[in-house]
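Below: the structure, in structure tokens.
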Amino acid sequence: MDLANKKYAVTTPIEALLLASIIPVLVLSLASSEAMFIVILIAIPFSLFCMALIGAPLYFLLKRHNLLNFPLCIVGGVLCSVPGSMVFSPSGLPVEFSLSNYISFSLLGSVGGFLFWAVYARVFGREQSKLGSVFGFVILASLSAALLYANQFKTIEYVDGKTLTKGVAFVDSNERLVPIEVEGEKLMVRLAEQVPYISNCKASLSKWRDMFTHEIKYSVSHYPQVPRAHHFKVFSEAGKANVPRECPHDGMVILF
51 MDLANKKYAV TTPIEALLLA SIIPVLVLSL ASSEAMFIVI LIAIPFSLFC
101 MALIGAPLYF LLKRHNLLNF PLCIVGGVLC SVPGSMVFSP SGLPVEFSLS
151 NYISFSLLGS VGGFLFWAVY ARVFGREQSK LGSVFGFVIL ASLSAALLYA
201 NQFKTIEYVD GKTLTKGVAF VDSNERLVPI EVEGEKLMVR LAEQVPYISN
251 CKASLSKWRD MFTHEIKYSV SHYPQVPRAH HFKVFSEAGK ANVPRECPHD
301 GMVILF
């Protein structure tokens, strides 16, 4: 049955693109009433921006080359999610710290792509290249495999460690590896740019598996006794001078 004959049918690509941009994000917001206000003000406008930036040009490109098929609609939806995953992911951290975010955005984009195909492309894109469909399924299968692979490395664990008695350079212009004692073993742990190395101090460490080398890696998450140390670079030079080089004794917490 031709959907175009139905009373409320979607008959233009713009209508389909608008629905594919708004409905998945709106449905997701129903999971949390607190998030709905943010979704209306930020997420939906940003989703419409991504549709105009990527979705609309991609539609006309696929339509022109007779490639408006199911798998490429799904892939197109994932591509539309890329700006959101990049903007709303934390910067300056290893890619593994953002994998959950990237995967979530990709799945949301794929729902939008499926919706576009369901309400429009499967009717108005019937006469498409069969070779293009094969090409689309190959790309979709490759993308799915990449997401499944990345999903194995998204888990971040937290373990306790302790810095050594002797410190290292207080400030560095780049991230560096510093010595931390973890369960009696000395490991070289990532310390983010301009975060101080506070000697003889407990440290909470993030632990993850590198998705390229498969090595177990660690980074300093925070110092429980000096909780503001990771924010000190927003202070004045005088404020930075007050950051302790050594941990306080007897479990004392310093906010400085």
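For the sequence shown, my numbering begins at 51 and goes up steadily by one.
All C-beta atoms in this analysis are idealised placements derived from N, C-alpha and C, irrespective of residue type, glycine included.
Since this is a predicted model, take the numbers as computed values, not measurements.
Per the Cβ contact rule, the segment 137 to 148 is not in contact with the segment 176 to 184 (fewer than 3 Cβ pairs under 8 Å). In this structure, Phe155 keeps its C-beta atom at 8 Å or more from the C-beta atom of Ser192. If you ignore the 5 residues before and after Leu76, its C-beta comes within less than 8 Å of the C-beta of Val89 and Ile94, all in its own chain and listed in chain order.
For Gly289, the number of other beta carbons within 10 angstroms of its own is below 16, and it is reported as exposed.
If you check the CB distance, Ala70 and Gly163 come in under 8 Å.
Annotated as distal: Val228 and His280, with beta-carbon spacing of 8 Å or more. Looking at Asn201, Arg114 and Phe187, the one whose alpha-carbon comes closest to that of Phe262 is Asn201. As far as DSSP is concerned, Lys180 takes part in no beta bridge. In the three-state reduction of the DSSP assignment, Leu193 falls in the helix class, which pools H, G and I. The Cβ neighbour count for Pro140, taken over all protein chains shown within 10 Å, is under 16; the residue is labelled exposed. Here DSSP, grouped into helix, strand and coil, assigns Glu296 to strand. With the rule of 3 Cβ pairs closer than 8 Å, the segment 259 to 273 counts as touching the segment 200 to 215. For Tyr268, the enclosing beta strand (DSSP E) stretches over residues Ile266 to His272.
Residue environment analysis places Pro107 among the exposed positions, since fewer than 16 neighbouring C-beta atoms fall within 10 angstroms of its C-beta.
From the listed residues Glu287, Ser97, Gly301 and Lys216, the smallest Cα separation to Ile72 is found for Ser97. In this structure, DSSP gives Glu207 an extended state, which the three-state scheme calls strand.
When the alpha-carbon of Gly142 is set against those of Ser249, Arg226 and Asp300, the nearest one is in Arg226.
When DSSP states are grouped into helix, strand and coil, Arg114 belongs to the helix group. Sequence-distant partners of Leu255 (beyond 5 residues in either direction) whose C-beta falls short of 8 Å from its own C-beta, in its chain, are Tyr208, Val209, Asp210, Gly211, Ile230, Val232, Val239, Tyr268, Ser269, Val270 and Ser271. Taking the Cα of Gly126 as reference, the smallest distance to any Cα among Phe282, Phe166, Pro274 and Ala242 is reached at Phe166.
For the pair Thr213 and Ala253, the CB atoms are nearer than the 8 Å cut-off. A distance below 7 Å between beta-carbons, with the five flanking residues on each side excluded, links Lys113 to no residue of its chain.
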